[in-house]
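Residue numbers (the numbering used here), protein chains in the order written: chain A, 170 to 305; chain B, 170 to 305.
Don't be surprised by glycine CBs; every beta carbon is placed ideally from N, CA and C.
Data block below; observations after.
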């Protein structure tokens, strides 16, 4: 591969990683608030106006608008204004990338703790053998 | 059930929901940064000192200490100081609750979009029938 081609590919790959990182940053940050998680669960049951949501979560309109803005930025909610009412629906993102990240992490976690278990097991075995050798 | 018992149960349930919410808040916030996700992936491969992590992620010691602090608060990393070196390992939390939240959300999402698909389908069918009736 030529150096120019190599650098171009590297650039594209870096951009892809950055974009995927930015998306995960935005969605995990959006999920780090109980009201925003509640809004997503609520919209999973049916569309709602900002006023409905503010009522249901005992918030001011301004407060709810902010939360919906964060969810919208992260692609988790879509809004549409018809007349004076802004209706919120679930956005196009199904949190696939977030799910994949968690799954991979849990796999690493399991492997890591399995490895530690094996270390502990082999230490125990060694201790047992040492004890036996001393007893002889 | 007596009112006192009812209120006591309600209080306990509320506390449980609040605690579970606080945990999800902390872990999703901890995951909303690419360096912190990188640190978790790195520790999944093996323990590391704060200095190792700072080097690997091209950060100052102070910056890395802050990130590790956030992960530790969320129960995702555990640290132990031996002499002058603070070693980081994966914490006890396997992100089970976070995984469950995402799974439930995706289920709601699927059901919601299936329901919308059905509405669109029935509208199409209606249009087709109306067209046929007009053509008669």
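query                                                                                                                         : result
The region 286 to 300 of chain B touching the region 280 to 287 of chain A, judged by at least three CB pairs closer than 8 Å : no
C-beta contact flag for residue 258(A) and residue 243(A) at 7 Å                                                              : no
Proximity test, Cβ basis, 7 Å: residue 217(B) and chain A                                                                     : no
Alpha-carbon to alpha-carbon, residue 240(A) and residue 199(B)                                                               : 18 Å
Cβ neighbour criterion (16 or more within 10 Å) applied to residue 223(B)                                                     : buried
Cutoff 7 Å: residue 263(A) Cβ touching any chain B Cβ                                                                         : yes
Residue 270(A) versus residue 214(B) - alpha carbon distance                                                                  : 15 Å
Burial state of residue 185(A), where buried means 16 or more other Cβ atoms lie within 10 Å                                  : exposed
Chain-ordered chain A contacts of residue 213(B) [CB-CB under 8 Å]                                                            : 274, 277, 278, 280 and 281
Cβ of residue 268(B) within 7 Å of any chain A Cβ                                                                             : yes
Contact residues within the region 215 to 242 of chain A, judged by C-beta distance below 7 Å to chain B                      : none
Cα-Cα separation, residue 255(A) to residue 210(A)                                                                            : 18 Å
Exposure label - residue 180(B); buried when at least 16 CB within 10 Å                                                       : exposed
First and last residue of the uninterrupted alpha helix (DSSP H) at residue 200(B)                                            : From DSSP, residue 200(B) is part of no alpha helix (DSSP H); its letter is neither H nor E.
Limits of the unbroken beta strand (DSSP E) element including residue 256(B)                                                  : 254 to 259
Every unbroken alpha helix (DSSP H) within the region 246 to 303 of chain A, with a cutoff of 4 residues, ordered by chain    : none
In DSSP terms, what residue 171(A) is bridged to                                                                              : Looking at the DSSP assignment, residue 171(A) forms no beta bridge with any residue, so it has no partner.
Near-chain B residues of the region 188 to 205 of chain A (beta-carbon distance less than 9 Å), N- to C-terminal order        : 190, 191, 193, 194, 195, 196, 197, 198, 199, 200, 201, 202 and 203
Simplified DSSP assignment, three categories, for residue 177(A)                                                              : helix
Residue from 267(B), 292(B) and 286(B) with nearest C-alpha to residue 190(B)                                                 : 267(B)
Extent of the continuous alpha helix (DSSP H) to which residue 231(A) belongs                                                 : 230 to 242
Buried or exposed (CB count within 10 angstroms, at least 16 for buried), residue 182(A)                                      : exposed
Supposed contact pair residue 203(B) and residue 194(A) - C-beta distance, whole angstroms, cut 8 Å                           : 6 Å
CB-CB length for residue 196(B) against residue 245(B), believed under 8 Å                                                    : 7 Å
Whole-angstrom distance between residue 252(A) and residue 218(B), CA atom to CA atom                                         : 58 Å
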